[in-house]
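Visitor: Residue numbers (the working numbering): 80 to 243. Beta carbons are placed, not taken as given, at the ideal position from N, Cα and C, and that holds for glycine. So that we are looking at the same thing, I have put the structure below in structure tokens.
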């Protein structure tokens, strides 16, 4: 069974293991420390993830990744940026697509957000497929939009309007 829940201290060791996998980190934000330590995980669980809209993905009782919808500020307050990552052992099973459906339902039921968007590294075809399956539309290619590890990357912008 798949569900979304808050992160908890029991997730700390798995979080460190997952976020030190180069394949998992490849397309993630450079804001995520590298290497990812137990102190980083503790901070994220106790403080960072409490900002709202951030959930652990749990499958059959095991923490396997995260999904989020972070609301914008001021004139962007009715929009949210979607993000997600999954432990490599669970890739290719449709889990993120299901988790994203749960997240969208949660956003619809509990917020006044009307638009979701996601920014995806060019070349991250798995993530692009998840978004398209989830009803997002490709809106733009953003040239040199991401700067990570002294390199520029293009990004694809996906968006979806959600109804109440």
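Kindly list the residues whose CB is nearer than 8 Å to the CB of residue 192, restricted to its own chain and excluding five residues on each side of it in sequence; keep chain order.
Guide: Here residue 192 corresponds to residue number 113 of the chain shown, with the count starting at 1. Same-chain partners within the cutoff: 148, 150, 157, 158, 159, 186, 241.
Visitor: Pull up the distance between the alpha-carbon of residue 239 and that of residue 122, whole angstroms please.
Guide: Start at 1 with the first residue of the chain shown, and residue 239 comes out as number 160. Start at 1 with the first residue of the chain shown, and residue 122 comes out as number 43. When rounded, the distance between both Cα atoms is 31 Å.
Visitor: For residue 145, count neighbouring C-beta atoms within 10 Å of its own C-beta (all shown protein chains included) and say buried if the count is 16 or more, exposed if not.
Guide: As a first step, residue 145 must be located in the chain shown, where it is residue number 66. When all chains shown are included, residue 145 counts as buried.
Visitor: Below 8 Å, can you find three or more Cβ-Cβ pairs linking the stretch 219-228 to the stretch 164-183?
Guide: no
Visitor: Could you have a look at residue 59 and say whether DSSP puts it in helix, strand or coil?
Guide: The displayed coordinates of the chain run from 80 to 243. Any statement about residue 59 would go beyond what the structure contains.
Visitor: With a threshold of 16 other CB atoms inside 10 Å of the CB of residue 115, please say whether the residue is buried or exposed.
Guide: As a position in the chain shown, residue 115 is number 36, starting the count at 1. When all chains shown are included, residue 115 counts as buried.
Visitor: So, under 8 Å CB-CB, residue 213 and residue 176 are touching, yes? Tell me the CB distance rounded to an integer number of Å.
Guide: Indexing the chain shown from 1 puts residue 213 at position 134. Indexing the chain shown from 1 puts residue 176 at position 97. With 8 Å as the limit, residue 213 and residue 176 qualify as a contact, their Cβ atoms being about 6 Å apart.
Visitor: Give me the Cβ distance between residue 53 and residue 166, rounded to the nearest whole Å; I'm assuming they're in contact under 8 Å.
Guide: This structure cannot settle anything about residue 53, because the visible part of the chain is limited to 80 through 243.
Visitor: So is residue 102 buried or exposed if we call it buried at 16+ other beta carbons inside 10 Å?
Guide: Reading the chain shown from its first residue, position 23 is the one you call residue 102. Classification of residue 102: exposed, given that the 10 Å Cβ count is below 16.
Visitor: When you compare each of 168, 117, 179, 111 to residue 227 by their alpha carbons, which one comes out closest?
Guide: Here residue 227 refers to the residue found at position 148 of the chain shown. When only C-alpha atoms are compared, the closest one is 111.
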